[in-house]
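Protein chains in written order, with full-length UniProt numbering: chain A, 1 to 350; chain B, 1 to 378.
Below is the structure:
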């Protein structure tokens, strides 16, 4: 204890100092340990209404991008093996352009058969004509003979019979020719049906077939459509509006639209039409067992020309202006609760 | 004169340390128990505090907390987005599911589905991996406390495969979160993915998280959303409070900790009171002598107050230091993850200490006041 001053006291001098230092340490620890519960801004831009819409009444909806012609699933008129595929996804095609052809060997051989039948019928027409000519000449010869005793009566009858038989043969051969030509015609039609052509101008969006695959008229059960196409110039979007919000939507006003994941890139889409039918909402959860009782009104908007910002099938978020603030504040619940008279008055007011 | 009082106090080492122990112990008991109590019940709000972006939470009218919720139809999101003052709104799914681990064990987990595009709803920081791993197929992010429960022995869970509702899930990250009250394993995934992981019912959307526009307070906006959509909208703090209240109402925790805090107080009063009284009684002769040389009652009261202050300050300081040491040394334990000492707690225990000392000091002082100078001769 020689190191310490003479009247050193642990309890009188050191303990209070330890206590004070301890309190300071504790205060610092407590201050630093307080949890951070500040709000932070999202890392990525969420979809938000911009411009005027931000401060005014609006209706929000989610939807899908689709071609302005809607999606066209190309089918085939006749089943068979694909022999030639002329398009690939992303191609722009004109109306009537060949998309793919189905194996036509069977039809071609039946066309050949019909052609052979035509030739055969033509030959038999020739033969019948020759026979008729011969028979007529024979008959004429007999008829020229004045002397009745020179030609037997039975000879004449035979010649007359031969002449009319030759006539009938000619008629038969002619109708055979017609039949064969009709067969050839239908074979040519079938041949045409084996070539699938674009029903309209548009973009090929998906090709799910390859040469050598079998296509059937049933569409292959659950399998994907053979070729999907649609007019993508311009693109439309189909926005689902909750049935409770239908009356608030200002029909005809342009919508502010942004694709999922790029909420910063907003465009103005012009109104096209509202579907006349309110349908159950299709949930985009890909679940087979989806049961949803929400109904939605689908409203179509036309997207402006953007360079690959929107693609067919993409999900979008949209904000649509609502009718005047007054209607918005009334709220759907109140409106339905009101009696018929009041509703009519309101209608007049508007 | 006060120095004499201090010397008097520290003269009897046993009694002095007895007093210190009493004060320090009861401070420690009260502070530490209150701290654990506050942190435990705040676990009920951890679901809210783990999401740092949302000002307002929108839910079904019957939903009570982040865990006790009832799903809404999916168009609720669009309804909320249509309300003026809503800057942005994103879907949020919270549901309980069972997970099969690689060993075949079954574990109850909480599936938290965050917005697909913006990932709003994820905890702010990650321990392993980055938030963007959720963009990979079948990805989930596990919470750090859940990791210790599902993967014992400190193995990194990243890359582990799980089976959820017959679907494959791969852990690709570990998030830094405050665990829930039940410390249930939390798996964060994208909303669309969460729909596949949670066994289906008709409606799936548990919450809509809302950011307020500038110039609108969250209370105002919550009221507006409730009015316009008919859904229940709560500001962040309100929902957090609901979570805390839920635990207070449905568990015995407040009662249990309340009893311990009261016991701490009683122990403090008993030990300190008895020791202080004994100490004063032992020194009654000295006080008598002081009185005999003409020291007034006022001065003596000042001396006793100085003694009480000395004991109280040292004891309280050591007690608080003990609590800090306790919280600090257990901060690595997953059970105590995120525990902190609210600044109000040491103040509460300070008030309790002052009460104890004033009470016992006053009782002891009464004896001294009545002392006659003649006591020195007895």
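Even glycine gets a Cβ: it sits at the ideal position worked out from N, Cα and C. Since this is a predicted model, take the numbers as computed values, not measurements.
Between residue 188(B) and residue 141(B), the beta carbon gap of about 4 Å places them in contact (Cβ cut-off 8 Å).
Of the candidates 256(A), 235(A), 233(A) and 279(A), the residue whose Cα lies closest to the Cα of residue 246(A) is 279(A). The closest CA to that of residue 337(B), considering only 143(B), 190(B) and 73(B), is found on 143(B). Around residue 281(A), the beta-carbon contacts reaching into chain B at under 9 Å are 73, 74 and 75. With the rule of 3 Cβ pairs closer than 8 Å, the region 222-239 of chain B counts as touching the region 50-64 of chain B.
Scanning the region 292-320 of chain A for uninterrupted beta strand (DSSP E) segments of 3 residues or longer gives 295-302, listed from N- to C-terminal end. Contact annotation: residue 61(A) and residue 242(A) have beta-carbon atoms nearer than 9 Å. At least 9 Å separates the beta-carbon of residue 268(A) from that of residue 282(A). Only those residues of the region 117-140 of chain B whose C-beta falls short of 8 Å from the nearest C-beta of chain A are listed: 117, 118, 119, 120, 124 and 131. With respect to the C-alpha of residue 291(B), the residue from 268(B), 369(B), 203(B) and 327(B) having the closest C-alpha is 369(B). Below the 7 Å Cβ cutoff, chain A contributes 11 as neighbours of residue 16(B), in chain order. In the displayed model, residue 287(B) falls within a helix according to three-state DSSP.
At a cut-off of 9 Å between C-beta atoms, residue 29(A) counts as an interface residue with respect to chain B. In this structure, the beta-carbon distance from residue 82(B) to residue 295(A) does not fall below 9 Å. In summary, residue 228(B) is buried, with 16 or more beta-carbon neighbours lying within 10 Å of its beta-carbon over all protein chains present.
Under the Cβ distance rule, residue 22(A) counts among the residues neighbouring chain B, one pair being separated by less than 9 Å. Here residue 201(B) is exposed, its C-beta having fewer than 16 other C-beta atoms within 10 Å. If the five residues before and after residue 263(A) are omitted, its C-beta is found closer than 6 Å to the C-beta atoms of 45, 46 and 47, all from its own chain and listed in chain order. Contact annotation: residue 310(B) and residue 9(B) have beta-carbon atoms nearer than 9 Å.
At a cut-off of 9 Å between beta carbons, residue 166(B) makes no contact with chain A. Judged by beta-carbon spacing, residue 159(A) lies within the 9 Å limit of residue 142(A), meaning their Cβ atoms are closer than that value. If you compare the alpha carbons of 172(B), 173(B) and 199(B) with that of residue 166(B), the shortest gap goes to 199(B). Between the region 204-212 of chain B and the region 151-162 of chain B there are fewer than three inter-stretch CB-CB distances shorter than 8 Å, so the stretches are not counted as touching. Judged by DSSP secondary structure, residue 111(B) falls within the beta strand (DSSP E) whose first and last residues are 106-114.
Annotation: residue 150(A) to residue 170(A) spans about 31 Å, alpha carbon to alpha carbon. Bounds of any alpha helix (DSSP H) do not take in residue 343(B), whose DSSP letter is neither H nor E. For the region 158-212 of chain B, the full-length alpha helix (DSSP H) segments reaching 4 residues or more read 191-197 along the chain. Chain B has a Cβ within less than 9 Å of the Cβ of residue 47(A). Between residue 357(B) and residue 272(B) a beta carbon distance of about 7 Å is seen, short of the 8 Å cut, so the two are scored as contacting. Put simply, the CB of residue 348(B) is far from chain A, with every gap to its CB atoms at 9 Å or more. In this structure, DSSP gives residue 36(A) a state outside helix and strand, which the three-state scheme calls coil. At a cut-off of 9 Å between beta-carbon atoms, residue 261(A) makes contact with chain B. Residue burial annotation: residue 217(A) is exposed, with fewer than 16 other C-beta atoms found within 10 angstroms of its C-beta.
Residue 65(A) is bridged by DSSP to 237(A). Per DSSP, residue 24(B) is one residue of the alpha helix (DSSP H) stretching across 13-42.
Against chain B, the CB of residue 35(A) has a partner CB under 9 Å away; the residue lies at that interface.
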